[in-house]
Each structure stands twice: as structure tokens, then as C-alpha cells.
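Right, one structure below, let's go through it.
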Amino acid sequence: MKNVTITLLFITQTFSVKSQSVLDSVRRLNSNEFRNDIAIRELIDSFAYYADRTKAQRQAALFVENGTLEIYRSEPDTSKPIVVLKGRKELEEAFKGLEKYNMTFHLNGQNSIKFGDDTTGIVQCLAHHIFFEDGKRILLTEAIRYYDTYTRQNNQWLFVKRKLIIDWEDKRLSTP
Numbered sequence: 100m101k102n103v104t105i106t107l108l109f110i111t112q113t114f115s116v117k118s119q120s121v122l123d124s125v126r127r128l129n130s131n132e133f134r135n136d137i138a139i140r141e142l143i144d145s146f147a148y149y150a151d152r153t154k155a156q157r158q159a160a161l162f163v164e165n166g167t168l169e170i171y172r173s174e175p176d177t178s179k180p181i182v183v184l185k186g187r188k189e190l191e192e193a194f195k196g197l198e199k200y201n202m203t204f205h206l207n208g209q210n211s212i213k214f215g216d217d218t219t220g221i222v223q224c225l226a227h228h229i230f231f232e233d234g235k236r237i238l239l240t241e242a243i244r245y246y247d248t249y250t251r252q253n254n255q256w257l258f259v260k261r262k263l264i265i266d267w268e269d270k271r272l273s274t275p
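In this text, residue positions in the sequence shown follow this note's numbering: the first is 100, and each later residue adds one.
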């Protein structure tokens with residue numbers, strides 16, 4: 100019986116220590132930084148949502164007026180972009196290209212936001228595109244990473260620049 104009691108006491112103490120370190124981490128985030136972090140995450144999720152709902156104008160409006168989207172097939176440090184889009188009009192026209200798919204689903208995953216003189220972030224996303232090719236239903240899945248730069252204008256966070264890196268693609272027949 101003593102072993103059980105000691106074990107339970109140890110487990111309780113372990114959880115207590117872990118909970119305390121989580122609380123300390125939460126306390127370190129000042130409320131302003133926390134609100135900004137949430138607002139930027141909403142910006143990131145809105146980009147994916149508008150892509151999936153083919154709302155190109157709203158998606159483009161998430162950028163500053165002269166915002167930029169660069170698309171890469173490998174790391175930006177070691178390659179040149181395959182596409183560069185600048186300004187909301189150009190972005191909107193490009194985003195309309197998603198209309199060629201019967202359905203899309205962008206699932207945002209891990210992200211990291213760093214506040215400073217330039218607020219930046221790294222976002223990971225799995226993008227699923229369903230379309231028909233030669234009468235067959237196709238699923239195109241892309242693992243995407245975004246290197247973002249954000250700014251705040253009129254109390255709203257916007258993208259200044261998004262570097263979209265396609266890490267890999269998988270194209271296959273799909274059955275519903």
C-alpha cells in the first residue's frame with residue numbers, strides 16, 4: 100500500500116510542476132502580445148478559409164495594398180521564386196485560379212510567430228485539391244510552408260509578404 104501512495108504522490112507532484120511551468124509561460128505573455136498572436140492566427144486561418152471558399156477578393160484584402168506573394172519549389176535562400184505576385188489586384192486574379200478545382204481544403208498546422216521590429220511567422224499547411232482529369236477524380240495534396248511578414252494597419256493585421264514553399268506534392272486517383 101505504501102508503494103501506491105508514494106507513486107500517486109509522485110504523479111501528483113509531477114503534474115503540479117508541469118502545470119506550474121505552463122502557468123508561468125502564460126503569465127509571461129503580456130495581454131497585448133497574446134491578443135496580437137491570436138489576431139495573426141486569425142489572419143492565417145482566414146487566408147486558408149477564403150481560399151477554400153474561392154473568395155479571391157477577400158483573400159487578397161488580407162494583404163497590404165502592395166503586398167507580395169512569392170511561390171518557391173525549394174528554400175528561398177537557395178532558389179528563385181517560380182511566381183511573384185505583387186499588389187492586391189494581381190493577387191486577386193491569381194487567387195481566382197483556385198476556381199479550377201472542384202473542391203479545396205487547406206489545413207493549417209504548426210506555426211510560430213515572432214514579434215519585433217518586423218513581425219514574422221512560419222506556417223505549415225496541407226492543401227488538398229480535388230479536380231477531374233480525363234474523366235477521373237484526382238486528389239492533389241501539397242505540403243506548404245509559408246514564411247510571412249506581417250504589419251498592423253488601422254488595428255488590423257495584414258500580410259506584407261508571404262513566401263509559399265511547396266515542400267512536396269502527391270497526385271493520385273481519388274474515390275469519394
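Where a beta carbon is used, it is the ideal one built from N, C-alpha and C, also for glycine. Here the structure is a predicted model, which is why all the values come from computation and not from measurement.
Mind listing, in chain order, the continuous beta strand (DSSP E) runs of no fewer than 3 residues lying wholly within the segment 171-239?
182-185, 202-213 and 218-232
Distance between beta carbons of Lys262 and Glu169, contact taken as under 8 Å:
5 Å
Measure the Cβ-Cβ separation of Asp151 and His228 and say whether it is below 8 Å.
no
Let me confirm a value: Gln252 is counted as buried when at least 16 other C-beta atoms fall within 10 Å, else exposed. Which label applies?
exposed
Inter-residue Cα distance where the pair is Glu141 and Lys260
16 Å
Can you name the start and end residues of the alpha helix (DSSP H) that Arg157 belongs to?
Ala155 to Ala159
For Ile243, does the count of other Cβ atoms within 10 angstroms reach 16, so buried, or fall short, so exposed?
buried
Would you call the segment 133-140 and the segment 162-181 touching, i.e. three or more CB-CB distances under 8 Å?
no
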